[in-house]
Each structure stands twice: as structure tokens, then as C-alpha cells.
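Taking the working numbering, the leading residue of the sequence shown gets 242, the next gets one more, and so forth. Notes follow the structure.
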Amino acid sequence: MKEKELNAIIKHYKSNLGEFDVLEYTPSKNLPFKPQLIISNPNTHHDYYVVATVGVSDCKLKGTYSHCEFVMLLDKDWKFKLDNINHNWPFELIHKISNIVYLTDSEMGYGKYFINDGNKTFSPTSDMGVALIGVPAMLDTRFFELKCGKKNINFFIITTATFDELKLIKHIGGINFIQRYLLPEGEDAFILRNDKI
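Next up, the structure:
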């Protein structure tokens, strides 16, 4: 990634999320692409952790959104036991989706979804097994798009759904599912939780 683009992304995160740290996390599988992860702790901008990628936008995709980065929202009580699948599955997931972007040039956009390997949940203590791509409407409206020279970088949120919800997503589409069922609940519907632990 060019230094100019890297600096622009860092500045974009700081102005929209506040201060952040680099999250040192190595995925359990040896994946070819390892984006840098940053984490912004709960603060005056947001009452939850925000984990975000740096470097995915270096990959060019087909379609309207040719360059993107990802964010995830984690409950403010999330326990960061990075060697435990019950706690590290969001980081595994964000790496997996980043690698899909890196290894393919398929389109990325609002309402796209990914089913976990083997139709299994992301962890033994979660009902979630589907990742759903949305627009981070709960953050500042300027957050979604960053103009960096001739390149537009879009920032998508990764949220999750159950396999029962997947039937509905397949029936009405990911965008309609987000608009009908998640957006009316507000930002809480997009925050990942570990309520079963």
C-alpha cells in the first residue's frame, strides 16, 4: 500500500473513531493476506469497541466499490482472550473476509453475505454463522467513503446473522434484511456480543 493511502486511512480512522491502537492478532490458519487490524476503545465517539482493517483497500475489486476496508463493532464488555475461539472469532472472521477480497476480484457491497465453513457457527458459544456486509450508518455519515487521489475507499461494516435468519436473507435479500430487521433496532443490532459466555 502506498504511504499516502495508508496515511489517509489512518487519518480517516482517527477523525471518525478517535484514538486507536494496533491489534496484534495472528489468525489460526495460515492465510496469505494478513491485513493490519486497529482497535478503537469505547469513547465519546462510540460506546463499543471498533475493530477495523488497514490494507484491504490495496486490492481492486469488480463493481461499484472497487476498494474497501472493513469494520466490526464489539460489545464494550468483550473479553480479549486472543487464543480462545469463544473470544477471537470476530478477528478470525475479519481475516477470512479480507482474504476472500484478496484472493478473488468479486464484487463487494451492501447486503452481500458469507456463510461460515461447513455451515457451522463461528464459535461453540455463538448462534451466529453468517457474516453480513452493511453500511456503517451508526458512525459519522462521512465515514463510509474516503477519497484518496483517484481512488475511492469505502468502509463496510461486518455484522452477523444466524442460520435461521439466513433463510430469510436468501428469501428477501441481504439489503432488505438489514433495512427491515436490523436498522429499526439501531446500532445495537450491529454490535457483536458474547452473551452465552
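Don't be surprised by glycine CBs; every beta carbon is placed ideally from N, CA and C. The structure displayed is predicted, hence computed values, not measured ones.
Which residues mark the beginning and the end of the alpha helix (DSSP H) in which residue i is found?
i: lysine 252; result: 244–258
i: leucine 407; result: 404–413
Decide if residue i is buried, meaning its Cβ has at least 16 other Cβ atoms within 10 Å, or exposed.
i: aspartate 412; result: Sequence check: residue 412 is histidine here, not aspartate. Exposed, since its Cβ has fewer than 16 Cβ neighbours within 10 Å.
i: leucine 278; result: buried
i: valine 263; result: exposed
i: serine 367; result: buried
i: lysine 337; result: buried
i: proline 365; result: exposed
i: leucine 315; result: buried
i: glutamate 246; result: buried
i: asparagine 325; result: exposed
Could you say which of the options lies nearest to residue i if we only look at CA atoms?
i: phenylalanine 212; options: Pro268, Phe355, Asn417; result: Limits of the chain in this structure are 242 at one end and 438 at the other, which puts residue 212 out of reach.
i: glutamate 265; options: Asn257, Thr294, Asn284; result: Thr294
i: alanine 249; options: Thr345, Lys408, Glu310; result: Glu310
i: serine 406; options: Tyr422, Asn393, Lys391; result: Position check: residue 406 holds glutamate in this sequence, whereas serine was assumed. Considering only alpha carbons, the answer is Tyr422.
i: glutamate 333; options: Ser307, Ser269, Phe321; result: Ser269
i: alanine 430; options: Ala378, Ile394, Phe385; result: Ala378
i: cysteine 300; options: Ser347, Trp319, Phe321, His286; result: Ser347
i: lysine 353; options: Met369, Asn327, Ile416; result: Ile416
i: threonine 362; options: Lys255, Gly427, Asn435, Thr267; result: Asn435
Residue i and residue j look like a contact to me (Cβ under 8 angstroms); what is the Cβ gap, rounded to whole Å?
i: leucine 387; j: asparagine 340; result: That belief does not hold up - the Cβ atoms of leucine 387 and asparagine 340 are roughly 22 angstroms apart, past 8 angstroms.
i: leucine 433; j: methionine 313; result: 6 angstroms
i: threonine 401; j: valine 371; result: 6 angstroms
Going by DSSP, what residue range makes up the beta strand (DSSP E) through residue i?
i: methionine 369; result: 369–375
i: serine 281; result: 277–281
i: leucine 423; result: Taken as a continuous stretch (DSSP letters only), leucine 423 belongs to no beta strand (DSSP E), as it is neither H nor E.
i: glutamate 265; result: Segment: none, glutamate 265 is in no beta strand (DSSP E) and carries neither H nor E.
i: lysine 388; result: 386–389
Original post:
What beta strand (DSSP E) runs, 3 residues minimum, are completely inside the region 291–362?
Top reply: Counting only runs of 3 or more, we get 309–315, 354–356.
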